[in-house]
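*Asks:* Residue numbers (mature numbering (1 follows the signal peptide of the UniProt record, and there is no 0)): -20 to -1, 1 to 1079.
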């Protein structure tokens, strides 16, 4: 081989510049020059001599061989390896090394250029590798380092070349095996390169290479049959070469096929393998040689192949398609709509058919009719020296009075007189100010809880559930508050009886209705409120303005019903009333008259006019006594000038005649008239110094008959307690309630009626006229009787009980009877029934939640339809999860107005002892909050899960729903807690929205967790969005392989890697679920504690 002219000139002409070359280039040039010198290569004429000392060192020792240079013919590359034109080295194929690529290497193919050369007869391969030169992989894990991503490497053993395939084959020709003997097993290594379309073939005897062949212009094919897979390599050209002094190549005088290989073997060649790893290598000339020498038509082999590829590059591999969820999508959507229509039908049916009351005949046992009177103990209410101070202002001053069983007491006065404050104090409602004085039941004080069980209270404002009918409203009150041992039919009968008494039986099936809606009238609502208390027939019933909003006829019916209740059931009734008609005023037994917090009168109604006469202010003829009293207590301007004790009006002849007939002291022997013969509520005396037009209608004759009839009813046997008889003296009445009188000397206590420091303030503040009324009553014998009765009752209960004392008063050592009401479990069932009725009769909120969940579920399913398993698909998953959390979080704000509507109802019913806060809270959570917070996420999840194409598996499906429901309940818990704590709906809405936004900020999407400053990272633990969002992603992504297309490959990225990149913990699912449960439970617990201790009536 001769060098080109250009190369020679370059090598010879270079002088000093040769030393400036790199080491490798300079060495190569030196070697080339040396080789030229030693091989007597002729240079063209005119070139510089090679003896130039600057170029070649001619003093090389004789025993030093020349350096290897594959650019020279004397240094060929084995295995037909290409020569590197830059360094004169052979580019060895995988599995070989050395200067000329003739030395097998060991280790593993993945070691690359660092593979050790074989220094013994055999190679020791690393785990997972096999073959004579350790080129054949055996397991997938050894291939990870040979794929671009470093992950998901696969040892493909199918035989078809993907990039560069390696096979280790054992020769199975029997004659060849016999010829070589068992100590010299023949083998073949075979490798092919898809890009270059070439193959290499090496023949080995006892793991020592004999000859090798190189094949080019190759094609690779694989034929898949129904029972077999056939792989075929076809190469157009082949050239082979023997390795001198090796078996079959002249070793130890053996056969030498060198010339045959170089001259005869030319191709084409075929290499065919079947699925059972049996292969055949054929080439025409080689087939003829094998046939001639060994009698076989070709070389038969048993091969095992191995090639490291990414698993997506395996021949025949088709990435499995996403499961087809079409059927599941159809079924889930159809199921959701069937549920929705079924629910709508159920709501319509129940709303239409459940409003009717229990009409028809109610059969009761004989003893059930008197159930309310069983074990009933009459209760006498006494109060003495009641004072009430708010913010340093004295609202009530020294108010005393008593009312006995079977009587009705009216508390009257102008606006601001203190009527409602006194009523609230007597009913032991929670007051914001300081209360002083004593309240006795049958002469003794009892505990607050026991007191609340024997009293009923009707508030001035109607607070009713608008979705219930009149019958149901009263029935629920009866079921919750009547004795537990009273049968259901008896309670229903009592409800019907109460409605009949109040004249609302005809509207029993009408709904209460809300404001702005067509419903029962305001007066009918008022009677329903009264019925809710009357149905229990409490020992003492308090009513605040029971006739407000009613016309005169219905107002009379209500008060008459109260009187009937008091007389027939021996109950005590106390009410405030502003300005009743005369016929209503005549029905009251006891009267407490207030004026600017002062007591003007407290005693029997029939003695009022006598008392006023004594003060010089008799009621004019034809005047309504109630109107006159208000005028008298409020008309302080003109009356002051003539109301002093020295200027009282002169009595007329009629007054003198009455004094002669009845005496100055009132007699208790008259029935239906006061001591002067006047009808209660009217007077025949002249007017005081100021005048007022008489009543337009004088119905005194009508009500004279009414009063006479009423007093006759009182005298009937069993018509009421005997202490209602007007003829009884104060001592007789006291004996009737079981009070032992002390000696007469001890009964007098005139000092209680003397002037006190308060009187000056009363005079200064209210004028001399009002002062005269207050002082006049304090000096009257009526107040003395009242206070003595109270003192005697208290002192009598402190002493021994004699035979004249009714035993029922001291039954079981109690002053009153307190029957057992419904149990907690019964309360729960009753409230659950009421709550469910309220939901399906006002279904808009519930249906709105359901329709919203279905519509947005379909919308999200369409937008995120069948997300892909790649990075964009991961983003879409994050988006749909975050949207669902935000949707359900803000939808929980609907709790706030619903509870605000029930807050007043709860406060009133709790104050009246309907139920305990625990039973109300339990039913509110289980039957109101849970249906709206559990069903919508399930409906939406059923639609989204299949349409979006989330991860398969029933376990993951259940875990997905668990997180959604827990998150929704947690959000509902925080909204309920805020709604209970904040009374204002606007403030509650603002606070709830801020809590949701704060939780969203630390949810993990808007702000990367790892970027949060360390001193603020603890805020993540307060975000329930964070726990829910992380749990949803972990459940979906952890075991998902995401595809990333890089380097022209589809690289699988484990989902856990993506999660960790965003700061999520792939093992935190159950920890997040636990945190959600703890947070939700904590919110509900705080809400209940606040409801128990803070949400109560305060006046």
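We put the CB at the ideal spot given by N, CA and C, even for glycine.
Kindly list the residues whose CB is nearer than 7 Å to the CB of residue 124, restricted to its own chain and excluding five residues on each side of it in sequence; keep chain order.
*Replies:* 130, 131, 133
*Asks:* Could you work out which residue in 1050, 1060, 388, 1049 is closest to residue 1002 when comparing CA atoms only?
*Replies:* 1060
*Asks:* Have a look at the DSSP bridge pairing and note the partners of residue 180.
*Replies:* Beta-bridge pairing links residue 180 to 171, 194.
*Asks:* Determine which residues share a DSSP beta bridge with residue 155 and list them.
*Replies:* The partner list for residue 155 (beta bridge, DSSP) is empty, contrary to what the question assumes.
*Asks:* Check residue 55 in the structure and name its three-state DSSP category.
*Replies:* coil
*Asks:* Would you mind working out which of 78, 137, 448 sits nearest residue 61, comparing C-alpha positions?
*Replies:* Shortest Cα-Cα distance from residue 61 to any of 78, 137, 448 involves 78.
*Asks:* Of the residues 80, 947, 74, 934, which one's Cα is nearest the Cα of residue 48?
*Replies:* 80
*Asks:* Which whole-angstrom value describes the C-beta separation of residue 117 and residue 86, a residue pair presumed to lie in contact below a C-beta threshold of 8 Å?
*Replies:* Not confirmed; about 15 Å, so no contact.
*Asks:* Beta carbon of residue 1012, beta carbon of residue 868: below 7 Å?
*Replies:* no
*Asks:* Helix, strand or coil: which one does DSSP assign to residue 1075?
*Replies:* coil
*Asks:* Which residue marks the beginning of the alpha helix (DSSP H) containing residue 869, and which one marks its end?
*Replies:* Counting along the chain, the alpha helix (DSSP H) containing residue 869 begins and ends at 851 to 871.
*Asks:* Looking only at its chain, what residues have a beta carbon closer than 8 Å to the beta carbon of residue 842, apart from the 5 residues adjacent to it on each side?
*Replies:* 927
*Asks:* Is residue 410 buried or exposed, if buried means 16 or more other CB atoms sit within 10 Å of its CB?
*Replies:* exposed
*Asks:* Identify every residue that forms a DSSP beta bridge with residue 447.
*Replies:* Note: residue 447 sits in no beta bridge, so no partner.
*Asks:* Once DSSP output is grouped into helix, strand and coil, what is the label at residue 249?
*Replies:* strand
*Asks:* Give the list of continuous alpha helix (DSSP H) stretches no shorter than 4 residues that lie fully inside the region 577 to 606.
*Replies:* 588 to 594
*Asks:* Helix, strand or coil, according to DSSP, for residue 257 in the structure here?
*Replies:* Residue state for residue 257 is assigned as coil, using DSSP reduced to three classes.
*Asks:* Between residue 750 and residue 613, how many whole angstroms is the CB-CB distance? I'm expecting something under 8 Å.
*Replies:* 7 Å
*Asks:* Looking only at its chain, what residues have a beta carbon closer than 8 Å to the beta carbon of residue 969, apart from the 5 residues adjacent to it on each side?
*Replies:* 873, 876, listed in sequence order.
*Asks:* Can you name the start and end residues of the beta strand (DSSP E) that residue 366 belongs to?
*Replies:* Counted as a single uninterrupted DSSP element, the beta strand (DSSP E) harbouring residue 366 occupies residues 361 to 370.
*Asks:* With DSSP as the reference, identify every bridge partner of residue 379, one or two as the case may be.
*Replies:* 366
*Asks:* Between the region 830 to 839 and the region 913 to 921, do three or more beta carbon pairs fall short of 8 Å?
*Replies:* Segments in contact, yes.
*Asks:* Could you name each continuous alpha helix (DSSP H) segment of 4 residues or more that falls completely within the region 974 to 1020, going from the start of the chain to the end?
*Replies:* Complete alpha helix (DSSP H) runs here, min 4: 1004 to 1017.
*Asks:* Which residue or residues does DSSP assign as beta-bridge partners of residue 550?
*Replies:* DSSP, once it has assigned bridges, lists no residue as partnering residue 550.
*Asks:* Using the three-state DSSP reduction, which class does residue 139 fall into: helix, strand or coil?
*Replies:* coil
*Asks:* Let me know if residue 582 comes out buried or exposed under the rule of 16 or more other beta-carbons within 10 Å of its beta-carbon.
*Replies:* buried
*Asks:* Please identify the residue among 56, 73, 51 whose C-alpha is closest to the C-alpha of residue 66.
*Replies:* Comparing Cα-Cα distances from residue 66 to each of 56, 73, 51, the minimum goes to 51.
*Asks:* What would DSSP say about residue 67, mapped onto helix, strand or coil?
*Replies:* In the structure shown, residue 67 sits in coil (DSSP, three-state: anything other than H, G, I, E or B).
*Asks:* Can the beta-carbon of residue 414 be found less than 7 Å from the beta-carbon of residue 375?
*Replies:* no
*Asks:* Rounded to whole angstroms, what is the Cα-Cα separation between residue 428 and residue 893?
*Replies:* 12 Å
*Asks:* Name the DSSP bridge partner or partners of residue 146?
*Replies:* Residue 146 is bridged by DSSP to 171, 286.
*Asks:* Within this structure, are the beta carbons of residue 390 and residue 588 separated by less than 7 Å?
*Replies:* no
*Asks:* For residue 821, does the three-state DSSP call read helix, strand or coil?
*Replies:* helix
*Asks:* For residue 166, write down the residues that DSSP places opposite it in a beta bridge.
*Replies:* DSSP lists 185 as partners of residue 166.
*Asks:* In this structure, does DSSP put residue 221 in helix, strand or coil?
*Replies:* strand
*Asks:* Among the candidates 776, 999, 120, whose CA atom is the shortest distance from the CA of residue 420?
*Replies:* 776
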